[in-house]
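>
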Amino acid sequence: MKTIITIIQRVSLLLLLCVPFLFEACNDEFLEENANQSFLLQDTLFITEKTIAQEITLGIPEAKNARYTIRVIPKWLEIAEMEGTFDNGYAKLSVSAVPLPEFNDLGFYEGSLHIYVEGKGTYYGTVFYARLGDPTITVQPAIVDFGTEDYATVTVSDTTANSILIWEIQELPNWLNANATNGMAVQNGSNMISFWVNRENLEPGVYTHNLVLWNNSLNEKFILPVSMKVVGPSMSVSPAQVDLGVSGTVAVTISNTTENSTLHWSIKDLPPWLLVSQTDGTTTRYQNSTITFSVNRENLDIGVYTHDLVIENDSENKTFVLPVRMEVVDFMDEALTTLLEGHIVDAEYHEGSGILAIITQTPKLLQLYHTNTNTLESFALESVPACISLAEDGSELLIGNTNATISRISLATPTVHQTLEIDCIPYDIVFGGNNWCYITPTLDQWVPFRSLNLQTGELVKSSSSSAIYEKTIIRKIPNKDNLLGTRTGLSPSGILLFDTSQGICNENINYWHEGIGNFWLTEDGSKFVCSTGRIYRTPDYTDDYVHSIDISPIGDLGANWDAPIKWTDHSAAANTLFVLRAAPDYYTNNNDSWIESYDAYSYEKLATYRPMPIVLTIGGVRKEYETKASFVFASNDETAIYVLKNVHQSYSIGNQWAIEKIITGN
Amino acid sequence: MTRLLFCILLFAALPASVSAQVQSAETSVNLSGHQDSPKLVLSARGGLSYLTASAKEDKKTLQSYGLSEDAADDYYRDYKLGYHSRANLGLVFPSGMGGGIVHRYFSTSAGLTGFFDPQDGVHLIYGETSEQVHINFYGATFDMQEELSPKLTGKLSYGIGYTDFRDEMIMMNQPVLITGNNLGLDMAFDLQYLLFGKLTLNAQLSYFVCTLKKVKFDDGYTSESYELSGNEKQNLSALDLSVGLSYTF
Numbered sequence: 001m002k003t004i005i006t007i008i009q010r011v012s013l014l015l016l017l018c019v020p021f022l023f024e025a026c027n028d029e030f031l032e033e034n035a036n037q038s039f040l041l042q043d044t045l046f047i048t049e050k051t052i053a054q055e056i057t058l059g060i061p062e063a064k065n066a067r068y069t070i071r072v073i074p075k076w077l078e079i080a081e082m083e084g085t086f087d088n089g090y091a092k093l094s095v096s097a098v099p100l101p102e103f104n105d106l107g108f109y110e111g112s113l114h115i116y117v118e119g120k121g122t123y124y125g126t127v128f129y130a131r132l133g134d135p136t137i138t139v140q141p142a143i144v145d146f147g148t149e150d151y152a153t154v155t156v157s158d159t160t161a162n163s164i165l166i167w168e169i170q171e172l173p174n175w176l177n178a179n180a181t182n183g184m185a186v187q188n189g190s191n192m193i194s195f196w197v198n199r200e201n202l203e204p205g206v207y208t209h210n211l212v213l214w215n216n217s218l219n220e221k222f223i224l225p226v227s228m229k230v231v232g233p234s235m236s237v238s239p240a241q242v243d244l245g246v247s248g249t250v251a252v253t254i255s256n257t258t259e260n261s262t263l264h265w266s267i268k269d270l271p272p273w274l275l276v277s278q279t280d281g282t283t284t285r286y287q288n289s290t291i292t293f294s295v296n297r298e299n300l301d302i303g304v305y306t307h308d309l310v311i312e313n314d315s316e317n318k319t320f321v322l323p324v325r326m327e328v329v330d331f332m333d334e335a336l337t338t339l340l341e342g343h344i345v346d347a348e349y350h351e352g353s354g355i356l357a358i359i360t361q362t363p364k365l366l367q368l369y370h371t372n373t374n375t376l377e378s379f380a381l382e383s384v385p386a387c388i389s390l391a392e393d394g395s396e397l398l399i400g401n402t403n404a405t406i407s408r409i410s411l412a413t414p415t416v417h418q419t420l421e422i423d424c425i426p427y428d429i430v431f432g433g434n435n436w437c438y439i440t441p442t443l444d445q446w447v448p449f450r451s452l453n454l455q456t457g458e459l460v461k462s463s464s465s466s467a468i469y470e471k472t473i474i475r476k477i478p479n480k481d482n483l484l485g486t487r488t489g490l491s492p493s494g495i496l497l498f499d500t501s502q503g504i505c506n507e508n509i510n511y512w513h514e515g516i517g518n519f520w521l522t523e524d525g526s527k528f529v530c531s532t533g534r535i536y537r538t539p540d541y542t543d544d545y546v547h548s549i550d551i552s553p554i555g556d557l558g559a560n561w562d563a564p565i566k567w568t569d570h571s572a573a574a575n576t577l578f579v580l581r582a583a584p585d586y587y588t589n590n591n592d593s594w595i596e597s598y599d600a601y602s603y604e605k606l607a608t609y610r611p612m613p614i615v616l617t618i619g620g621v622r623k624e625y626e627t628k629a630s631f632v633f634a635s636n637d638e639t640a641i642y643v644l645k646n647v648h649q650s651y652s653i654g655n656q657w658a659i660e661k662i663i664t665g666n
Numbered sequence: 001m002t003r004l005l006f007c008i009l010l011f012a013a014l015p016a017s018v019s020a021q022v023q024s025a026e027t028s029v030n031l032s033g034h035q036d037s038p039k040l041v042l043s044a045r046g047g048l049s050y051l052t053a054s055a056k057e058d059k060k061t062l063q064s065y066g067l068s069e070d071a072a073d074d075y076y077r078d079y080k081l082g083y084h085s086r087a088n089l090g091l092v093f094p095s096g097m098g099g100g101i102v103h104r105y106f107s108t109s110a111g112l113t114g115f116f117d118p119q120d121g122v123h124l125i126y127g128e129t130s131e132q133v134h135i136n137f138y139g140a141t142f143d144m145q146e147e148l149s150p151k152l153t154g155k156l157s158y159g160i161g162y163t164d165f166r167d168e169m170i171m172m173n174q175p176v177l178i179t180g181n182n183l184g185l186d187m188a189f190d191l192q193y194l195l196f197g198k199l200t201l202n203a204q205l206s207y208f209v210c211t212l213k214k215v216k217f218d219d220g221y222t223s224e225s226y227e228l229s230g231n232e233k234q235n236l237s238a239l240d241l242s243v244g245l246s247y248t249f
């Protein structure tokens, strides 16, 4: 018994010694254990007063499967479960709005959301509560039909006074763009949305789409039908026919005249002689593609070649037929080309006799080309010629010389049988046919008009010393005692109408204040064509004083400022106007020239002709030289035109003029 | 650290006791066996404690954060009722007078989970508010005992010493460590029943008194000390009811 008591006593003593250790007095690691790391939440939560038990997914990938506790929420937010577990970094939260009187004003409230993730720390995020009221959405127009237009505007309005309308377009079709895909209209406010379509690479057709404007009105899915049309490309080709003539190239423009589609085209079935810079291509909307045609005439027989070129394309018409014409000629055939001496300064053609009278400088020559026989006669002149005028009957001609003399020459025996002195350097001269001729000076600005009696040599100057201006062009109106003129040195050059019925030119000169440049009368003198391309009816002379602007064009052949009209001739028999267009001489890099034929009544363009090259042997080298035309005359047999042409000045070989006969086939 | 110091002292006392028995044969002092010699007594006891300070203001504070009155009552009911342990080592002279050293450890805790209103007008905080309080008292005692019957002895003790306070608080999910110290008084009445030999069963009613006038707050980022005044002063007074054993050497 004593032993047991002793044991109990010893154990009790031991327990007494151990008691202080049985109680944990403190924990030195309290703060460290509860230390917290902070992170920002990437997502922002947005609720409205109508949010009830809306399930949202919260993503914190690094949370993996950790437990979470939502530690801070705004008062107006209720979350069904404040604690839970992430599932592979995602947690689903059921959120509702809590209507509280202190958050009852219309507008937006911002609050914080703190989520504590075990093992990670606390994530801090933002949550918005919107008190939006009960808006009513109105969209104007309710249907958007672009048709072929690009732009449209739509107004989204809230027609309720005490509310905020929030709207969003979540998905646009790929052909539709908008300057805004969401917005907010506050208390009767409105938003304007600008839409525009992109039709690029779309097939032709009608495209429709129902745009959904998600919003917070009762009509939460407002449907806005949108439609637009894609029109296929449209092709135009200019010129509509290609006349390559006997040489040179022709540029053809293929245009896509639609605004929406890209034109694809391809040239099929090329004849072996026709060369083209590209055989297929694409032309975007409102753009042009230029292709250049040229001809390989090697080993081709002489003759006219034509071909209807087919341009396949994806426009509505699918194919376009482009007629191509070209000629193979022996352009040094004497029947077609005649080389001339000297530098041509003026020329006139007498239809009745078929004589083409040409005056040249260096050497000073009168060259008579008989178009009926294709023969050329040359006569040396003593003075340097400046201008020439044939009598209407073709028996005589006058040459104005730079030494202030007039030479009178009979065509029957081409010799100068009369030389008359005048008081100026003649710029232009007209054989009046009534033993009078009329002269305009080259120099001295405002000058009197000159009338010269060919029998007596009497030179009569108009009493007005400023009747005309230097370098005035004058031409006789056929079968009338009237001259038509224009002052090339002034702008506008004006139209002058002279009366020569009394021999001496009438002091009263009718005047129209119109810019015409050079001009050429039709055979009957009823109309004249100007270098601007405009055609006027020749006014009748009146003794009244006329200083008018009352004259209007009656036709227009079109202006081409790169190649204005340089000469024109009318063939009444062929009812054709032959119009020579040529690049101005100051264009050093452009020596282009061609002749266009027009219907003299309808002014419809008929054909285009280009001067052929000429073959010259210079320094023992025989070579082709391109030429540029300066004069064109229609033959009296309706079948040809005669072109006076010179080699391009860019060759730097000086002048080499030639007469070319171009068969027009009329 | 302080707990360790106390244990060292306690262990140091044991060899001293043994040494005293050895010396008793050589000198006239016999701490263990002689009727006139002082006796070394080691006792340990534990039991419930009840903090006597009023929690009225604290409850109001909790309620101001959006808690219900019941929740606040529950919280402070838990808070006020704690437990304690005591260990004494002392000498008792034949006259019944004596003295020694005492260690009192007190702990209580309370906690709740729910929504708190931080009074910012916008937010609610969900989570935990809890406290874990640790109070250590180390003091010297003056004892008086009177034999009431052959087996029953009554004993009165007065102790004074150093009080260390530590409150590990989580306030709306934010950890805060509150520490402080001050002089403490301890008054105890023991009834000792001799079981057999040197082992006595004790039942004790005691009252511990201490008030903190200065505390230090540490949230892990900043640490700051505050002087407390008036009602702010932290009253740590508690009524202890405990049972235990004493061993008289």
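In order, the protein sequence lines correspond to chains Y and C.
First residue of the first sequence? That's 1 in full-length UniProt numbering, and the numbers climb one at a time after it.
First residue of the second sequence? That's 1 in full-length UniProt numbering, and the numbers climb one at a time after it.
Positions of the beta carbon are idealized from the N, C-alpha and C atoms, including for glycine.
1) Give me whichever residues DSSP pairs with leucine 356(Y) in a beta bridge.
2) By DSSP, does leucine 62(C) sit in helix, in strand, or in coil?
3) Taking beta-carbon pairs under 7 Å, can you tell me which members of the segment 121-154 of chain C lie near chain Y?
4) Give me the Cα-Cα distance between phenylalanine 78(C) and threonine 126(Y), rounded to the nearest whole angstrom.
5) So what does DSSP say about lysine 92(Y), is it helix, strand or coil?
6) Whose C-beta lies closer than 8 Å to the C-beta of glutamine 63(C) among residues of the same chain, with five residues either side of it excluded?
7) So, helix, strand or coil for serine 246(C), using DSSP?
8) Taking beta-carbon pairs under 8 Å, can you tell me which members of the segment 156-172 of chain C lie near chain Y?
9) Apply the 10 Å Cβ neighbour rule to phenylalanine 195(Y) and answer buried if 16 or more other Cβ atoms are within range, or exposed otherwise.
10) For lysine 605(Y), which residues does DSSP report across the bridge?
11) Do the segment 542-554 of chain Y and the segment 573-590 of chain Y make contact, defined as three or more Cβ pairs closer than 8 Å?
12) Is any beta-carbon of chain Y found at less than 8 Å from that of aspartate 186(C)?
13) Three Cβ pairs or more, each shorter than 8 Å: is that satisfied between the segment 589-602 of chain Y and the segment 539-552 of chain Y?
14) May I ask which residues mark the beginning and end of the alpha helix (DSSP H) holding lysine 80(C)?
15) 8 Å is my cut-off, CB to CB: does threonine 69(Y) come that close to chain C?
16) Would you call the segment 69-78 of chain Y in contact with the segment 142-160 of chain Y, where contact means no fewer than 3 C-beta pairs closer than 8 Å?
17) Please report how far the alpha carbon of glutamate 29(Y) lies from the alpha carbon of glutamate 171(Y), in whole angstroms.
18) Give the residues of chain C in contact with isoleucine 73(Y), contact being defined as C-beta atoms less than 8 Å apart.
19) Using the DSSP secondary-structure output, state which residues sit across from isoleucine 659(Y) in a beta bridge.
20) Using a Cβ cut-off of 7 Å, pull out every chain Y residue sitting near proline 175(C), in sequence order please.
21) Quick check: the Cα distance between glycine 654(Y) and asparagine 313(Y), rounded to an integer number of angstroms?
22) So what does DSSP say about phenylalanine 93(C), is it helix, strand or coil?
23) Run through chain A and tell me which residues come within less than 8 Å of aspartate 218(C), C-beta to C-beta.
24) What in chain C is Cβ-close to methionine 82(Y), meaning under 8 Å?
25) Ignoring anything shorter than 3 residues or poking outside the segment 37-106 of chain Y, list the beta strand (DSSP E) runs there in chain order.
26) Can you tell me whether DSSP reads leucine 48(C) as helix, strand or coil?
27) Can tryptophan 436(Y) and serine 465(Y) be called in contact, C-beta distance under 8 Å?
28) By the 10 Å Cβ neighbour count, where 16 or more other Cβ atoms means buried, how is serine 462(Y) classified, buried or exposed?
29) Given this structure, state the Cα-to-Cα distance separating histidine 648(Y) from isoleucine 474(Y), to the nearest angstrom.
30) Residue range of the beta strand (DSSP E) that glutamate 203(Y) falls in?
31) Taking all protein chains shown into account, decide if lysine 213(C) is buried (16 or more other Cβ within 10 angstroms of its Cβ) or exposed.
32) Please name the residue, chosen from Val416(Y), Ala35(Y), Thr440(Y) and Asn434(Y), that lies closest to aspartate 423(Y) on a Cα-to-Cα basis.
33) Which residues of chain C have a Cβ atom closer than 9 Å to the Cβ of glycine 111(Y), listed in chain order?
34) By the three-class DSSP mapping on this structure, what secondary structure does leucine 31(Y) have?
35) By Cβ distance below 8 Å, which residues in the same chain neighbour alanine 559(Y) in space, the five residues on each side in sequence not counted?
36) With three or more C-beta pairs closer than 8 Å as the rule, is the segment 193-201 of chain C touching the segment 174-182 of chain C?
Taking the definition as stated:
1) Beta-bridge partners assigned by DSSP to leucine 356(Y): Tyr349(Y) and Tyr369(Y).
2) Residue state, collapsed to three classes: helix.
3) Of all residues in the segment 121-154 of chain C, only Val122, His123, Leu124, Ile125, Tyr126, Gly127, His134 and Asn136 come within less than 7 Å of chain Y when Cβ atoms are compared, listed by chain position.
4) Per the sequence presented here, residue 78(C) reads as aspartate, with phenylalanine not at that position. Each residue's Cα considered, the two are about 37 Å apart.
5) Three-state result, lysine 92(Y): strand.
6) Apart from the 5 residues on each side of it in sequence, glutamine 63(C) sits with its Cβ closer than 8 Å to the Cβ of Glu69 and Ala72 in its chain, given in chain order.
7) Secondary structure at serine 246(C): strand, using DSSP grouped into helix, strand and coil.
8) For the segment 156-172 of chain C, the set of positions with a beta-carbon nearer than 8 Å to some beta-carbon of chain Y reads Arg166, Glu168 and Ile170 in chain order.
9) Burial state of phenylalanine 195(Y) is buried, judged by a 10 Å Cβ sphere holding 16 or more other Cβ atoms.
10) Bridge pairing for lysine 605(Y): Tyr598(Y) [DSSP].
11) With a cut-off of 8 Å, the segment 573-590 of chain Y and the segment 542-554 of chain Y do not count as touching, because too few Cβ pairs lie within range.
12) Chain Y places no beta carbon closer than 8 Å to that of aspartate 186(C), leaving this residue out of the contacts.
13) Contact fails: fewer than three Cβ-Cβ distances are below 8 Å.
14) Note, lysine 80(C): alpha helix (DSSP H), 69-80.
15) By the rule that beta-carbons nearer than 8 Å mark a contact, threonine 69(Y) touches chain C.
16) Because the criterion of three Cβ pairs below 8 Å is not met, the segment 69-78 of chain Y and the segment 142-160 of chain Y do not touch.
17) Cα to Cα, glutamate 29(Y) sits roughly 55 Å from glutamate 171(Y).
18) Neighbours of isoleucine 73(Y) in chain C, taken as residues at a C-beta separation under 8 Å, are given in chain order as His123, Leu124 and Tyr126.
19) Beta-bridge pairing links isoleucine 659(Y) to Thr338(Y) and Leu644(Y).
20) Per Cβ cutoff of 7 Å: Phe30, Leu31 and Asn34.
21) Here the alpha carbons of asparagine 313(Y) and glycine 654(Y) stand approximately 48 Å from one another.
22) Coil at phenylalanine 93(C), not helix or strand.
23) Reference to chain A is not applicable here, since the protein chains of this structure are Y and C.
24) Tyr126, listed in chain order.
25) Here the runs fully enclosed are 38-48, 54-59, 67-74, 77-79, 83-85 and 90-97.
26) In this structure, DSSP gives leucine 48(C) an extended state, which the three-state scheme calls strand.
27) In this structure, tryptophan 436(Y) sits away from serine 465(Y), with a CB-CB distance that is not shorter than 8 Å.
28) Burial check for serine 462(Y): the Cβ neighbour count within 10 Å reaches 16 or more, so the residue is buried.
29) Each residue's Cα considered, the two are about 29 Å apart.
30) From DSSP, glutamate 203(Y) is part of no beta strand (DSSP E); its letter is neither H nor E.
31) Result: exposed.
32) It is Thr440(Y).
33) Scanning chain C for C-beta atoms nearer than 9 Å to the C-beta of glycine 111(Y) yields Val122 and His123, reported in chain order.
34) Note: leucine 31(Y) maps to helix in three-state DSSP.
35) Within the same chain, alanine 559(Y) has close Cβ partners Thr532 and Gly533.
36) Not touching, per the Cβ criterion.
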